[in-house]
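J.: I'd like to ask you about the structure that follows.
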Amino acid sequence: MTLSWLGAVITFQVTFTELFIAATVMMAGAYRFGWRSVLAGSILGGLAVSILTVVLRKAA
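Going by the working numbering, the sequence shown opens with residue 33, and the numbers climb by one from there.
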C-alpha cells in the first residue's frame, strides 16, 4: 500500500480540527454545567463509541 503524504496531511488537519472543536465544546459545557456533568457525558460517549465499534466489527 502506497502512503499518500497529501492524504496524511489532510487527514491530520481534519482530525486536529475535530479534536479542537470537541475540546472547545467540552470546555464550554464544563463552564456551563460543571465538570462532573461533562466528565460523565464524555465517559458515556466513549463507552457508546467503543460498544458500537465492537458491534460493527462483529457484524462485518
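Backbone N, C-alpha and C define an ideal beta-carbon position, used for all residues, glycine too.
1. With the cut-off set at 7 Å, would you say A80 and V70 are in Cβ contact?
2. Tell me the DSSP secondary structure of S36 in three-state form.
3. If S82 sits next to M58, beta carbons under 8 Å apart, how far is it from one beta carbon to the other, in whole angstroms?
4. Is I83 near the ligand NAD - that is, is its Cβ less than 6 Å away from at least one heavy atom of it?
5. Taking the alpha helix (DSSP H) that A72 belongs to, which residues open and close that run?
T.: Reading it off the structure:
1. For the purposes of this step, residue 80 is taken as the residue at position 48 of the sequence shown. For the purposes of this step, residue 70 is taken as the residue at position 38 of the sequence shown. No.
2. Counting from 1 along the sequence shown, the entry for residue 36 is found at position 4. The answer is coil: DSSP assigns S36 none of H, G, I, E or B.
3. Within the sequence shown, the letter at position 50 stands for residue 82. Within the sequence shown, the letter at position 26 stands for residue 58. The Cβ separation is near 18 Å, so there is no contact.
4. Of ligands this structure carries none, so the ligand NAD is not represented either.
5. Here residue 72 is taken as the residue at index 40 of the sequence shown, counted from 1. That run of the alpha helix (DSSP H) goes W67 to A91.
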